[in-house]
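If you're matching positions, the sequence shown starts at 50 in the numbering used here and goes up one per residue.
Glycine included, each C-beta is placed from N, C-alpha and C at the ideal position.
Take a look at the structure below.
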Amino acid sequence: MSWPVFWQRNTTLSYVLSPLSSLYLWLSRRHQQRLLRRREALPVPVIVVGNLVVGGTGKTPFIQWLAEQLKTQGERPAIVSRGYGGRLTEPTVLTPDHRAEDVGDEPLLLAQATGVPVCIGQDRVAAVQWLLHHHADVTVVLSDDGLQHLRLPRELEICLFDGAAGVGNARVLPAGPLREPLSRVQQIPLIISKGKPLAGLPANAAVPRVMHLGLGQPKHVVTGVELVQTKDSVIALCGIGQPNSFFNALRAQGWRFTEMPLRDHQPLSAQQMRALTGQTVLMTSKDAVKLKNQTLPFDAYEVPLQVSFSATDERTILKTITEHLPRPQ
């Protein structure tokens, strides 16, 4: 989502809304205190990956990258998610038969991309317990979002920001884009900044590690055949938090296209599908996962995201994770 101007910098409206931010913060703290009193111990360590700001920060590709890194270190990771956008609310372990409208597009994408067990549910503690009931060999759980879900115990918190958007006016909702006061980052050992270095954090916050997102080769969602780039114009479809990041990356690769932005998590309507008949359509993995097993009147190509860090940042991230995970007895 694009931030309104009064979130990006302090304006008259930011100041007018400040009393509502104070009310939001008071209610949020009361809710978090109740969650803390209900916190339950879990038999496996949990790593929470979330954000303090509204909008896309690259959380899904980072979790995918982190799951792969943990597997190479001999861990058996699993993922829990709220399942935003899906109709199911009770703890559910994903299977190949599930669809995005049932469990949400991001959990389904993570399950297909990583091959690790994924469980959705509004109650993340119950989701972890249900997950472990079905997959007792799991050694570490990654929570997709959940920084504010304090009932869920955690060994490590990782917070993501969009380096270009930054922290805006550094105010809490609704006067600004923050879900919690910016001082919260002082409690978080790992901060990831998507795309570019992050400015505006408190002086004693952890040094942000910069995550670079590149685009892989487009592949047909049905046949898997790669699309060879030509001078012909295509359609670029994107329904993520920051669609311009996808469009700009395609443009940097030399693609010629017509933009088709969607709301975050928005599926294509039947009318939109008919309008695309016969077209070549590039889309993010998050959009493509909603179209799997459908008969499409257009050629859909998934453009995967590729995560990378500098060697120094990658070593720091993995070292921090190792230090926070309990050692085998």
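Pairwise C-alpha distance: residue 306 and residue 204: 44 Å
What residue range is occupied by the uninterrupted alpha helix (DSSP H) comprising residue 151? 149-152
For residue 285, the three-state DSSP class (helix, strand or coil): strand
Stretch pair the segment 255-262 + the segment 299-316: three plus CB contacts closer than 8 Å: no
Between the segment 154-173 and the segment 60-68, do three or more beta carbon pairs fall short of 8 Å? no
Got a sec? Which residues, its chain only, sit under 8 Å from residue 255 by beta carbon, not counting five neighbours each side? 234, 237, 238, 239 and 240
So residue 283 and residue 341 are supposed to be a Cβ contact under 8 Å. How far apart are they, rounded? Contact doesn't hold; Cβ gap of about 20 Å is too wide.
Quick one: what does DSSP say residue 237 is sitting in, helix, strand or coil? coil
With contact counted as at least three CB pairs below 8 Å, one residue from each stretch, are the segment 181-188 and the segment 211-221 in contact? no
If you check the beta carbons only, do residue 351 and residue 268 fall under 8 Å apart? yes
Is it right to say residue 192 is buried, meaning 16 or more other beta carbons lie within 10 angstroms of its own, or is it exposed? buried
Straight-line CA distance for residue 8 to residue 119? Nothing about residue 8 can be reported from this structure: the residues present for the chain run from 50 to 378 only.
Please return the same chain residues whose Cβ sits closer than 8 Å to the Cβ of residue 250, not counting the five positions on each side in sequence. 216, 231, 234, 240 and 257
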